[in-house]
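Enquirer:
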Amino acid sequence: MSSADRWQRVGALFDRALATPPPQRQSLVRSSAEPSDVQDEVLELLKSHDDSHGFLEPPALLAEGAEIGAYRIERIIGRGGMGVVYLAEDTRLHRRVALKALPPHLFRDDRMRARLRQEARAAAALSHPAIATVYALEEIGDQIFIASEYLEGHTLREELRAGPLGEARALEIARAIAVALQAAHDRGIVHRDLKPENIILTGSGGVKILDFGLAQFDVAAQDLASVTRLTDPGVIAGTPPYMAPEQLLGQPTSARTDQFAFGVLLYEMLTGRHPFGTGGLPTTIAKTLAAYPDKPEIDAELWSIISRTIEKNPDDRFPSTKALVAALAGNFDPVKDRTPDKNRTPDKNHLPAGNANDAMSWWMIHQLIVALAYWFMVWPTWHAHTWVGNYGVLTFLATLAIVVVGGNVRLHLWFTARTYPTELPAQLANISRLVKTADVAFSVIMIGIGLVIADTHTGWSALFVSFGLGAALAFLVIEPATARAAFRSRL
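For the numbering used here, count along the sequence shown from 1 and bump the result up by 95.
(1) Given a cut-off of 8 Å, decide if residue 474 and residue 548 are closer than it, judged by their beta-carbon atoms.
(2) What does the Cβ neighbour count give for residue 510, buried or exposed, with the cut at 16 atoms within 10 Å?
(3) Does the CB of residue 352 have a neighbour CB from chain C at under 8 Å?
(4) Just checking, does the stretch 343 to 359 make contact with the stretch 395 to 414 on the three C-beta pairs under 8 Å criterion?
(5) May I ask you to list the residues that DSSP assigns as paired with residue 166?
(6) Output the distance between the C-alpha atoms of residue 128 and residue 283, rounded to the nearest integer angstrom.
(7) Do residue 379 and residue 83 come within 8 Å of each other at the CB atom, strictly closer than that value?
(8) In angstroms, rounded to a whole number, what distance separates the CA positions of residue 460 and residue 257?
(9) Helix, strand or coil for residue 307? Go by DSSP, reduced to three states.
(10) Within the continuous alpha helix (DSSP H) that includes residue 121, where are the two ends?
(11) Classify residue 532 as helix, strand or coil using the three-state DSSP reduction.
(12) Taking 7 Å as the limit between beta carbons, can you name the residues of its chain near residue 436, skipping five residues before and five after?
(13) So, under 8 Å CB-CB, residue 192 and residue 230 are touching, yes? Tell me the CB distance rounded to an integer number of Å.
(14) Can you tell me whether residue 417 is helix, strand or coil according to DSSP?
(15) When we look at the beta-carbon of residue 486 and count the other beta-carbons within 10 Å, is it buried (16 or more) or exposed?
(16) Excluding the 5 residues preceding and the 5 following residue 244 in the sequence, name in chain order all residues of the same chain whose CB lies nearer than 6 Å to its CB.
(17) CB-CB under 7 Å to residue 427, same chain, minus the five flanking residues each way: which ones, in chain order?
(18) Evaluate contact between the stretch 215 to 223 and the stretch 259 to 271, counting only Cβ atoms and requiring at least three cross-stretch pairs below 8 Å.
(19) Please report the residue range of the beta strand (DSSP E) in which residue 299 lies.
(20) What three-state label does DSSP hand residue 191 in the structure shown?
(21) As a quick exercise: from 389, 563, 535, pick the residue whose alpha carbon is nearest that of residue 546.
(22) Quick one: residues in its chain with C-beta nearer than 6 Å to the C-beta of residue 276, no 5 flanking neighbours on either side, listed in chain order?
(23) Is the stretch 295 to 306 close to the stretch 386 to 403, with three or more CB pairs under 8 Å?
(24) Label residue 370 either buried or exposed according to how many other C-beta atoms from any shown protein chain fall within 10 Å of its C-beta, with 16 as the threshold for buried.
(25) Tell me whether residue 551 sits in a helix, a strand or coil according to DSSP, three-state version.
(26) Measure how close the beta-carbons of residue 294 and residue 359 come, nearest whole angstrom, since I'm counting them as under 8 Å.
(27) Within a Cβ cutoff of 6 Å, which residues of the same chain sit near residue 559, ignoring the five residues on either side of it in sequence?
(28) Spell out the partners DSSP gives residue 249 in its beta bridges.
(29) How many Å lie between residue 165 and residue 232 at the Cα?
(30) For the alpha helix (DSSP H) that residue 362 lies in, which residues bound it at each end?
(31) For residue 347, which residues in the same chain have their Cβ closer than 8 Å to its Cβ, ignoring the five residues on either side in sequence?
(32) By the three-class DSSP mapping on this structure, what secondary structure does residue 406 have?
(33) Give the straight-line distance between the Cα atoms of residue 535 and residue 569, rounded to the nearest whole angstrom.
(34) Helix, strand or coil for residue 497, going by three-state DSSP, please let me know.
(35) Using DSSP with H/G/I as helix, E/B as strand and the rest coil, what is residue 173?
(36) Figure out for me which residue from 537, 344, 470, 491 has the closest Cα to the Cα of residue 478.
Pasting the structure below:
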């Protein structure tokens with residue numbers, strides 16, 4: 096178990112125990128399915144919590160009026176499994192700040208502390224009207240606090256509860272977010288936790304993004320899922336429904352990762368619903384990884400922007416956030432402009448833009464038709480095996496083996512394309528040679544049977560020859576054309 100995995104488990108169990116009456120906490124911890132070392136660590140944290148009179152408790156870490164360093168606590172303004180945010184007064188500068196405290200399961204991890212220091216410095220270096228300013232990283236005792244700009248207003252989540260925002264309002268907010276993202280990405284800083292809870296709409300009509308570079312740590316999706324609630328206000332942890340597929344799979348992130356979350360946000364602002372969030376968390380994650388949303392009743396140009404930002408492959412999204420900003424301003428054609436990154440390596444197995452892609456539909460139809468044609472010819476081959484001579488049974492058995500392999504593999508590809516499209520390129524790479532071998536063998540056997548029985552059974556001969564030639568035409572001409580259209584590299 097990795098350090099990050101261990102501390103996520105500790106944190107989740109610690110939070111559950113704190114929500115339980117004190118007399119029952121030890122029993123809850125010991126009856127959990129966690130390993131004994133995790134249980135022991137949680138019990139130690141609970142003991143420290145009791146000894147410190149609640150200092151470590153996330154829901155009530157510091158009481159109103161408490162002083163921690165130079166900060167005087169006013170009240171809690173947000174909390175969750177990954178920390179607590181207070182409204183506090185900086186008594187040195189006499190200004191109100193948002194003071195974020197990390198929970199025990201993170202501040203006890205030296206690697207997490209070092210990462211937080213590095214990212215807090217990076218976020219503090221950002222200066223943009225649409226980005227909440229980070230003032231300071233404070234280390235007081237064993238705790239780490241992040242002091243940032245306090246913003247009066249409400250979150251985008253609160254505004255979305257009333258339904259779709261309307262195109263003008265959604266575009267106004269989206270453009271402000273995109274410009275702020277561009278400023279951060281130009282400095283090499285990726286948010287990685289863009290969601291409605293992290294967007295503040297101020298009383299003056301401005302837009303502010305919170306928690307740049309601070310919220311998302313290197314933990315696996317299952318860990319995030321165990322400590323995250325999808326719609327509760329004040330959640331601090333990263334939220335899987337707004338994470339790009341590469342994030343959920345633990346792969347490297349980049350500025351294009353924020354593009355995916357941005358596309359989800361824009362879709363939600365325009366429609367009032369999440370593009371992948373029609374079920375529970377596991378279903379939402381599965382849809383994020385493998386499905387594409389249907390086109391909603393929105394402007395076609397806006398849909399073309401959204402559909403590109405939520406591509407599964409990061410390389411298929413906008414080449415830069417600058418290009419995304421230009422598209423929102425109406426100066427970029429998201430379909431025709433496919434300017435590649437200089438260091439990008441073309442990939443012939445890129446997935447299509449969405450389930451409405453006609454080329455992909457034709458490719459899937461081709462797989463289904465060929466598979467059915469293979470199985471259709473099993474009975475004629477058995478019917479004709481006595482006419483072939485001494486090799487009739489062997490010919491039938493060979494045909495049956497080819498049909499079982501070639502036909503079923505194509506059905507498998509058709510099913511994968513419909514159900515798990517992100518896995519399709521890997522499947523094709525693994526079995527493409529097997530498919531081609533089955534195609535060639537099927538064509539040769541069909542034509543061979545037709546030629547052997549031509550003199551005695553002309554009608555049957557025509558059936559076999561036509562299927563053999565059709566199979567040859569399919570794998571030599573039709574399939575390469577549909578595959579190029581469906582999987583062409585989107586540069």
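Quick reminder that beta carbons are idealized off the backbone N, C-alpha and C, glycines included.
Expert: Looking at the atomic coordinates:
(1) Your numbering for residue 548 matches position 453 in the sequence shown. Your numbering for residue 474 matches position 379 in the sequence shown. Not closer than 8 Å, so no.
(2) Within the sequence shown, the letter at position 415 stands for residue 510. By the 10 Å Cβ count, residue 510 comes out exposed.
(3) Of the protein chains in this structure there is only one, and it is not chain C.
(4) Enough Cβ pairs lie closer than 8 Å, so yes.
(5) Your numbering for residue 166 matches position 71 in the sequence shown. DSSP, once it has assigned bridges, lists 163, 185 as partnering residue 166.
(6) As a working mapping, residue 128 is identified with position 33 in the sequence shown. As a working mapping, residue 283 is identified with position 188 in the sequence shown. Cα to Cα, the separation comes out at about 40 Å.
(7) Because the chain spans 96 through 586 in this model, residue 83 falls outside it and cannot be assessed.
(8) The residue labelled residue 460 in the question sits at position 365 within the sequence shown. The residue labelled residue 257 in the question sits at position 162 within the sequence shown. Looking at the two C-alpha atoms, the distance is approximately 42 Å.
(9) For the purposes of this step, residue 307 is identified with residue 212 of the sequence shown, where counting begins at 1. It is coil, neither helix nor strand.
(10) Working through the sequence shown from its first residue, we reach residue 121 at position 26. Counting along the chain, the alpha helix (DSSP H) containing residue 121 begins and ends at 117 to 125.
(11) Taking the first residue of the sequence shown as position 1, residue 532 is located at position 437. Helix at residue 532.
(12) Taking the first residue of the sequence shown as position 1, residue 436 is located at position 341. Low confidence applies here, because residue 436 scores a pLDDT of 42, under 50, leaving its location unreliable; read the following figure in that light. Excluding positions up to five away in sequence, the list reads 414.
(13) To locate residue 192, count along the sequence shown from 1; it is residue 97. To locate residue 230, count along the sequence shown from 1; it is residue 135. Right, the Cβ-Cβ distance comes to about 6 Å (below 8 Å), so this counts as a contact.
(14) Here the question's residue 417 lines up with position 322 in the sequence shown. The answer is helix: DSSP assigns residue 417 an H, G or I state.
(15) Here residue 486 refers to the residue found at position 391 of the sequence shown. Residue environment analysis places residue 486 among the exposed positions, since fewer than 16 neighbouring C-beta atoms fall within 10 angstroms of its C-beta.
(16) By one-based count along the sequence shown, residue 244 stands at place 149. Apart from the 5 residues on each side of it in sequence, residue 244 sits with its Cβ closer than 6 Å to the Cβ of 227, 228 in its chain, given in chain order.
(17) Counting from 1 along the sequence shown, the entry for residue 427 is found at position 332. In this prediction, residue 427 has a pLDDT of 46, which is less than 50 and means its spatial position is unreliable; what the coordinates show is noted afterwards. Once the five neighbours on either side are set aside, the close Cβ partners of residue 427 are 418, 421.
(18) Touching, no.
(19) As a position in the sequence shown, residue 299 is number 204, starting the count at 1. Per DSSP, residue 299 belongs to no beta strand (DSSP E) and is neither H nor E.
(20) Here residue 191 corresponds to residue number 96 of the sequence shown, with the count starting at 1. Residue 191: strand per DSSP, three-state reduction.
(21) In the sequence shown, counting from the first residue as 1, residue 546 sits at position 451. Answer by Cα proximity: 563.
(22) Residue 276 sits at position 181 when you count from the first residue of the sequence shown. Counting only Cβ-Cβ distances below 6 Å, and skipping sequence neighbours, we find 353, 416.
(23) no
(24) Residue 370 sits at position 275 when you count from the first residue of the sequence shown. Buried is the call here.
(25) If you number the sequence shown from 1, residue 551 lands on position 456. Note: residue 551 maps to coil in three-state DSSP.
(26) Taking the sequence shown and counting its residues from 1, one reaches residue 294 at position 199. Taking the sequence shown and counting its residues from 1, one reaches residue 359 at position 264. Between the beta-carbon of residue 294 and that of residue 359 there is about 12 Å, and that puts the pair past the 8 Å contact cut.
(27) Position 464 of the sequence shown, counted from the first residue, corresponds to residue 559. Contacts found: 541, 544, 545.
(28) Here residue 249 is taken as the residue at index 154 of the sequence shown, counted from 1. Per DSSP, 296.
(29) The count along the sequence shown starts at 1 and reaches residue 165 at position 70. The count along the sequence shown starts at 1 and reaches residue 232 at position 137. Spanning the alpha carbons of residue 165 and residue 232 requires a straight line of approximately 12 Å.
(30) Here residue 362 refers to the residue found at position 267 of the sequence shown. Where residue 362 is concerned, the enclosing alpha helix (DSSP H) stretches over 350 to 366.
(31) Translated into positions along the sequence shown, residue 347 becomes position 252. If we look at residue 347 and ignore the five residues flanking it on each side, its Cβ neighbours are 341.
(32) Start at 1 with the first residue of the sequence shown, and residue 406 comes out as number 311. Of the three classes helix, strand and coil, the one that applies to residue 406 here is coil, per DSSP.
(33) Locating residue 535 in the sequence shown gives position 440, where the first residue counts as 1. Locating residue 569 in the sequence shown gives position 474, where the first residue counts as 1. About 10 Å.
(34) Taking the sequence shown and counting its residues from 1, one reaches residue 497 at position 402. Reduced to three states, the DSSP call for residue 497 is helix.
(35) For the purposes of this step, residue 173 is identified with residue 78 of the sequence shown, where counting begins at 1. Correct three-state label for residue 173: strand.
(36) As a working mapping, residue 478 is identified with position 383 in the sequence shown. When each option's Cα is compared against that of residue 478, the closest is 491.
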